[in-house]
Structure formats: C-alpha cells, structure tokens
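Novice:
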Amino acid sequence: MVTIRPAKAADCQAIIDLIKGLAVYEELEEFAIATADDIQRDLFTEHPKVFALVAEVEQQIAGFALYFFNYSTFLGKHGIYLEDFFVKPEFRSQKVGFELFKALARVAADNNCGRLDWAVLDWNQLAIDFYERLGAKAQTEWTGYRLEGEMLNRLAQM
302 MVTIRPAKAA DCQAIIDLIK GLAVYEELEE FAIATADDIQ RDLFTEHPKV FALVAEVEQQ
362 IAGFALYFFN YSTFLGKHGI YLEDFFVKPE FRSQKVGFEL FKALARVAAD NNCGRLDWAV
422 LDWNQLAIDF YERLGAKAQT EWTGYRLEGE MLNRLAQM
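Using the numbering used here, the letters of the sequence shown correspond one by one to residues 302 to 459.
1. Are the Cβ atoms of residue 375 and residue 351 separated by less than 7 Å?
2. Since residue 400 contacts residue 305 with CB under 8 Å, what's their CB separation in whole angstroms?
3. Alpha carbon to alpha carbon, what distance is there between residue 349 and residue 405?
4. Mind reading off the beta-carbon distance from residue 445 to residue 420? Whole number of angstroms is fine, and I expect it under 8 Å.
5. Quick one: give me the first and last residue of the alpha helix (DSSP H) that residue 361 is part of.
6. Report back the beta-carbon spacing between residue 337 and residue 313 to the nearest angstrom; my notes put them in contact at under 8 Å.
7. Compare the C-alpha of residue 326 against each of 414, 426 and 344 and name the closest.
8. Could you tell me how far apart the beta carbons of residue 353 and residue 367 are, in whole angstroms, since I believe they sit closer than 8 Å?
9. Using a threshold of 7 Å, state whether the C-beta atoms of residue 388 and residue 380 are closer than that.
10. For my contact list, residue 378 and residue 413 are in at a C-beta cut-off of 8 Å; report their separation, rounded to the angstrom.
11. Does the distance from the C-beta atom of residue 386 to that of residue 363 stay below 7 Å?
12. Figure out for me which residue from 324, 372, 402 and 417 has the closest Cα to the Cα of residue 431.
13. Cα separation between residue 371 and residue 384?
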C-alpha cells in the first residue's frame, strides 16, 4: 500500500537523503550540496515557492517529488515543473512512482494547471520508459540552457 502526502517539516532529512540518492544515481553527487536546513527554509515558510510530496510504504518514506509552479504564456495558465523525482531502488516496481505522478496530476488539476514538465537524463532509459508508459512525450525540439555560478554573478553585475 502506497500513501502519498505533502511533505512535513519533520521530513527534511529524509528529503535530503532522497536527493543524495538521486544524485548518486545520476552520477552528480558532487553537485548535491543542499542541506536539511535549506529544505526547511524553502519548503516550510509562510509563502513557499517550492513544494514536495512524499510516498510512504508501511510508514517508511519510499520516494518524493519536489516541484514548483511556473507559467505558460502560450497557454495562459500555470503549470508545474517537477524539479526532482526519486524512488528508492528497493521500492521500485511497487507503484510508488505511479502514485506520485497521479498525485502530481491531481495537484495540477486542482490548481487549473495546463501541464506538468520535467527533464530526464538522456541515458536514463528506465525513467524514460516509465514516463512514456504514463503517456508523457519527450520535448526533443527544445534545448535546455543554464546560467550558474560565476557566469550568473558576472551577468548580474553588468
């Protein structure tokens, strides 16, 4: 039995552990520097800009989805951007991921959102197959870009 619920402040360390698990899986662990205090500060403030759902199996946190709202000028509606999604390996194939996505779809519907977007590493075929089984379509015509660190700071100072 999978239970999906909004994250609580008491879940901050578990969320960090899941983020670190995701980073290890994606071979990006040196970039995962967020702390439980960061999660506490940003998810559990009076007006949060980021949200999380956790999945529990037998009262044990099995996975999470961390998301925020964005806006499509083309649709004239908000959407949800799924920043991080991870299910612990021992809970995969138990419908945990499916239940998390169902809950995200309900959040989108409840908030009159036009879409749910996310990114996946091109080598992560297990995830790609899962997303396609949900009916998701790859957005191959778009190329993602990022400004960060020194280049972001330099631009801000111009």
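Even glycine gets a Cβ: it sits at the ideal position worked out from N, Cα and C.
This one's a predicted model, so the numbers in the text were calculated from it and none came from an experiment.
Specialist: On the basis of the supplied data:
1. no
2. 5 Å
3. 17 Å
4. 6 Å
5. Note, residue 361: premise wrong, no alpha helix (DSSP H); beta strand (DSSP E) at 361-373.
6. 4 Å
7. 426
8. 5 Å
9. no
10. 6 Å
11. no
12. 402
13. 11 Å
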